[in-house]
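> For reference, the structure I am asking about is given below.
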Amino acid sequence: MRKIVIRAGGVSIRAKLLDTPTAERIWAALPIEAAARTWGEEVYFDAPVSSAAEPDARVVVKPGDIAFWPDGDAIAIGFGPTPLSRTRGEIRLAGPSNVWAKALDDVRQLKCVHPGVAISIQEDG
């Protein structure tokens with residue numbers, strides 16, 4: 003099982019990669035470093051990869067889903083409602099996104115990450 007660690011400020015979240023084309027592209031691009039941006043209760047950041055929406059791309063994700071937003075070439079990690087959420091607690095991304103990893107740690111830690119903070123993804127282990 004391939005694992006990554008996402009670090010931003012004092013936050014560290016481990017995740018396992020899924021078997022998807024997007025996961026392969028991101029794994030090949032590691033390490034990734036960017037500046038964090040926020041949108042409601044979502045942290046997202048630019049990724050040096052491109053990937054079309056996969057057949058199972060979704061707009062609504064669950065806590066712990068690590069997604070790639072094809073329209074913005076960005077990695078998106080939702081941990082609560084966004085400006086587009088329609089119901090309490092719904093995590094609705096800006097558009098269809100490919101879920102490529104599952105967090106092994108609580109993504110709500112990202113609540114303390116502010117825009118501009120350095121964020122990175124690298125292999126874990």
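Position one of the sequence shown corresponds to residue 3 (the numbering used here), numbered consecutively onward. Even glycine gets a Cβ: it sits at the ideal position worked out from N, Cα and C. Values in this document were obtained by computation on a predicted structure and should not be read as measured data.
1. Tell me which residues share the same chain as P72 and place their Cβ nearer than 8 Å to its Cβ, disregarding the 5 neighbours each side in the sequence.
2. Look at T84 and I93 and say whether their C-beta atoms are less than 8 Å apart.
3. DSSP beta-bridge partners for Q111?
4. Does T24 pass the burial test, meaning 16 or more other C-beta atoms within 10 Å, or should it be called exposed?
5. Hey, how far is the Cα of R4 from the Cα of I34?
6. Just to confirm the assignment, what range does the beta strand (DSSP E) spanning R9 have?
7. Curious, which full-length beta strand (DSSP E) runs of at least 3 residues does the stretch 71-102 contain?
8. Looking at L95 and G82, is the spacing between their C-beta atoms short of 8 Å?
9. Would you mind sorting A49 into buried or exposed? The rule is 16 or more other CB atoms within 10 Å of its CB.
10. In chain order, what residues of the same chain have a beta carbon less than 7 Å from the beta carbon of Q124, not counting five sequence neighbours either side?
Looking at the coordinates:
1. S52, S53, A54, A55, A59, G97, P98, S99, N100
2. yes
3. DSSP output for Q111 lists no bridge partner at all.
4. buried
5. 16 Å
6. 5-10
7. 76-80
8. no
9. buried
10. I6, V7, L32, P33
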